[in-house]
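J.:
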Amino acid sequence: MNEKVTSIKIAGLGGMGVLTSTQILADLFFRQGRDVKKAEVHGMSQRGGSICSDVRFGKKVFSPMVPAGEIDFLVLFQDDQLPLYEAECSPQTVILKPDQIDLEKLGNKRALNIAMLGLLSRYLDVSSEAWLEVIHEVLPEKLHQVNDAAFELGRSGV
Amino acid sequence: MGNEAVALGALHAGAARGIGYPGTPSSEILDVYNQLGGKAEWAPNEKVAAEVALGVSFAGVRAFTTMKHVGLNVAADVLFTAAYSGVDGALVFVVADDPGLASSQDEQDSRRYAVAAGVPLFEPSDSQEAYDYTRLAFEVSERWKIPVLLKLTTRVCHSGTIVMPRAPDTGLAAAHFVRNIPYRVMVPGHARPAHRRLRQKLAEIAEWNETDGPNQEIEGSRDLGILVSGVAYQHAREAASDASFFKVGMSYPLPMRKMLNFIESVKRAVVIEENDPVMADAVRAAGGTIESAPEMYRFGELNVSRVKRILAGDVTPEAVPPRGKPPQLCAGCPHGITFDLLKKYNCIVAGDIGCYTLAALPPLSSMDTQICMGASLGTGLGLRHVLPREEAKRVVSVIGDSTFVHSGLTGLAEMTYNVPPTGHVLLILDNTTTAMTGQQEHPGTGRLLDHSPANQLDYEKIARAMNVPNVGTFDPIRQPAEFEAALVEALAKDELTVLIVRRPCILAVARKGVKPATTEG
């Protein structure tokens, strides 16, 4: 009856753009006409600690937090964060890691989060234009060029 | 985000002013309120914030005050007697609890304050309700002339769900003072009838909650009925989608008749609530029978998996999630130098609340106590008073700038009044911001909430005015040798010393382009 809820968990360290990416995903699915909820952890985020946030979308979402075993996409901004979330994954979970991106081609390392969203976008039925529209609104104009390239690198590998 | 929804709700309710003190998870509300065009200010602490808000309401207009749960401990003195005096416009206390201790020193349940003080309490479960209940809290406050608590939790504050706003309130009264001494001067002769008025108001509000309160009954299978409030509702709907639900939106005074009817209408009734068994106790005291969560679920926040376990009566140990990289002082943080020195001289460090509390963790491990805002002074003095001389000489109190303004001034007065035989040493770590909660301004930064210029407290002058004989200011990065020499001298003397260790937070410098203050500052 109900469209299945899709659950995404983004994980990294404070300062890597986890919260920005969460905002982009939430805005994106809101514009796609879905119910969407996000859950973030603030407070310690700028002191380099491990942080993660959840985004869930579908026809109707209840809990803002992804229940254990129901992660559809785990997006890691740093490979070594995987052990923290492995227990919450299921055999169906798609795990995306920075080593799936050609980091040599990533001009600005700080755009890794956008490249990872590009990688994630391969699995979701949303156009590049819709993604970039939201990315442009959330991030400052002077970063558009860098972010466009990073997103494309993640989405198509070039 | 729920905090943004509260800010928008307060704006649309026509609040004249929002006053607070930053504290995770409540901190974003006033910044957003300011960005939306509301009049917002940071007060030195939550008690002062609540007093200013009460004064605004005494002028016949709407006010709100924001704080984290432990902030309500500081503001509790205001809350209890404001419940007696009542308000004129409206007064809403927005209080953010932190079940699971994402960033706090305890996981107290603010619903207990509503019962203890006798004030209504609303408990939103998502951003939409954060918006709706903010507006409703102002309406209830104004209608019954009573302060109202809006209880948020970390997962309501920092989760984002879609919000449909409504048209803003219009036609609100302009500020105007009407003298009403028996209602606003709480001497015993006035307070006795005020207490009776309060109980009368609560009885009326309880009736209103039965008929018109923001409570929701969701029809499902009669085999299982779940009584629930706050974000736990969202988890429970997902964990038991076929069950019937009674969702409580106003948790004090409770809609008890409706709750008992619901409980009797289902075969099995279970209450799901975060933290303390507040509703469970209330139902049982009213003669109802209901299952509640085993004690182990009182600790930490709830989620879908834990609610499933509660419903299954599962008390087997829960898997301990792996620990991630803990937060630590930023690379280049000026606090690091201070704590390296305190470690070098084997100091007994009475610490306080802020980023520098991270110095208690390895590898620094150079903080020995941390309890609540401002406690570094009192606890350090207590240790100095009774420890043997050799140990007492090594006790140092360490407090941040924002925390010093919040609750350190009275501790400094104590230090100069009841002087330990060995004297005492206070370090004020002045990084010119409220760093831990996201770099908010305070009366020591010389800037208002919106970063416009303001009067700036002078800690050296404050210490001198309190007759502290030895006072100095050092930049730990530019003057490491001078700072160390001053600390060694202070530890050697049997006198009072206040050292201000001033170096702007590197994050604040990066964010705002603030130039490091000169050491003459």
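Same order as they appear, the protein sequences are chains A and B. Residues 1 to 158 (our numbering) make up the first sequence, in order. Residues 1001 to 1521 (our numbering) make up the second sequence, in order. The beta carbon of each residue, even a glycine, is placed where N, CA and C say it ideally should be.
(1) My parser needs the beta strand (DSSP E) runs of 3 or more residues fully inside the stretch 11-76 of chain A; what are they?
(2) So, under 8 Å CB-CB, Leu1227(B) and Phe1177(B) are touching, yes? Tell me the CB distance rounded to an integer number of Å.
(3) Given this structure, state the Cα-to-Cα distance separating Val1509(B) from His1335(B), to the nearest angstrom.
(4) Shorter than 7 Å from the beta carbon of Gly1160(B) to some beta carbon of chain A?
(5) Just by C-beta distance, which residues in the stretch 127-141 of chain A are closer than 7 Å to chain B?
(6) Return yes when the Cβ of Ser1229(B) is within less than 7 Å of the Cβ of Val1248(B), no when it is not.
(7) Measuring only between beta-carbons, confirm whether Leu76(A) sits less than 7 Å from chain B.
(8) Would DSSP call Ile1477(B) helix, strand or coil?
(9) If we count Cβ pairs, one from each stretch, closer than 8 Å, do we get three or more for the stretch 1172-1191 of chain B versus the stretch 57-71 of chain A?
(10) Can you tell which of Gly1287(B), Arg1309(B), Val1501(B), Val1283(B) has the C-alpha that lies nearest to the C-alpha of Glu1534(B)?
(11) Going by DSSP in three states, Gln1108(B) sits in which element: helix, strand or coil?
(12) Nearest to Ala1102(B) by CA position, among Ala1116(B), Asn1431(B), Phe1299(B), Leu1412(B), is which residue?
(13) Where Ala1481(B) and Leu1342(B) are concerned, what is the direct C-alpha to C-alpha distance, given to the nearest angstrom?
(14) Answer yes or no: does any C-beta atom of chain B fall closer than 7 Å to that of Val41(A)?
(15) Does the distance from the C-beta atom of Gly1354(B) to that of Gln1370(B) stay below 7 Å?
(16) What residue from Pro1147(B), Ala1492(B), Glu1051(B), Gly1018(B) has the CA that sits closest to Val1115(B)'s CA?
(17) Under the rule that 16 or more other beta-carbon atoms within 10 Å means buried, what is Val1185(B), buried or exposed?
(18) Closer than 6 Å by C-beta to Thr1154(B): which residues in its own chain qualify, once you throw out the five before and the five after it? Chain order, please.
(19) Looking only at its own chain, which residues have a Cβ that is under 7 Å from the Cβ of Asn147(A), when we skip the five neighbours before and after it?
(20) Give the secondary structure of Ile6(A) by DSSP, where H, G and I count as helix, E and B as strand, and everything else as coil.
(21) With burial defined as no fewer than 16 other Cβ atoms inside 10 Å of the residue's Cβ, what is the status of Glu137(A): buried or exposed?
(22) Using the rule of at least 16 other Cβ atoms within 10 Å of the residue's Cβ for burial, across every protein chain shown, is Asn1418(B) buried or exposed?
(23) List the residues of chain A whose Cβ lies closer than 9 Å to the Cβ of Gly1071(B), in chain order.
(24) Decide if the stretch 1419-1426 of chain B is in contact with the stretch 1372-1392 of chain B; the criterion is three or more beta carbon pairs, one per stretch, under 8 Å apart.
(25) Quick one: is Lys59(A) near chain B, going by C-beta distance under 7 Å?
(26) Please give me, in chain order, every unbroken run of the alpha helix (DSSP H) with length at least 4 that falls completely inside the stretch 1212-1270 of chain B.
(27) With burial defined as no fewer than 16 other Cβ atoms inside 10 Å of the residue's Cβ, what is the status of Ile1218(B): buried or exposed?
(28) Should Val1514(B) be flagged as near chain A, meaning a C-beta pair shorter than 7 Å?
(29) How would you call Leu1152(B), buried or exposed, if buried means at least 16 neighbouring beta carbons within 10 angstroms?
(30) Note down, in chain order, each residue of its chain lying with its Cβ closer than 7 Å to the Cβ of Leu1136(B), except the 5 sequence neighbours on either side.
(31) What do you reckon, are the CB atoms on Ala1203(B) and Ala1005(B) nearer than 7 Å?
(32) If we define contact as Cβ-Cβ less than 7 Å, is His1406(B) a contact residue for chain A?
(33) So that I know if they touch, is there some Cβ in chain A lying closer than 7 Å to that of Gly1324(B)?
(34) Mind checking whether Trp1042(B) and Leu1449(B) have CB atoms under 7 Å apart?
(35) What span of residues does the beta strand (DSSP E) with His1424(B) cover, start to end?
(36) Identify, in the order they occur along the chain, each residue of the same chain with its Cβ nearer than 6 Å to the Cβ of Gly1378(B), setting aside the five sequence neighbours on each side.
T.: So, to answer that:
(1) 35-39, 50-58, 73-76
(2) So it is not a contact: roughly 44 Å between Cβ atoms.
(3) 15 Å
(4) yes
(5) none
(6) yes
(7) no
(8) coil
(9) no
(10) In the structure as shown, chain B starts at 1001 and stops at 1521, and residue 1534(B) therefore has no counterpart that could be examined.
(11) coil
(12) Phe1299(B)
(13) 14 Å
(14) yes
(15) no
(16) Pro1147(B)
(17) exposed
(18) Pro1025, Asp1098, Ala1102
(19) Ala111, Ile114, Ile135, Leu139
(20) Just to set this straight, residue 6(A) is Thr in the shown sequence, not Ile. Correct three-state label for Thr6(A): strand.
(21) exposed
(22) exposed
(23) Those within 9 Å of Gly1071(B) in chain A number zero; the least Cβ separation is about 14 Å.
(24) yes
(25) no
(26) 1232-1239, 1256-1265
(27) exposed
(28) Confidence at Val1514(B) is low in this model, with a pLDDT of 47, below 50, so the placement of that residue should be treated as unreliable; the coordinate-derived value is given next. Not one chain A Cβ lies under 7 Å of Val1514(B).
(29) buried
(30) Phe1122, Pro1214
(31) no
(32) no
(33) yes
(34) yes
(35) 1424-1430
(36) Gly1411
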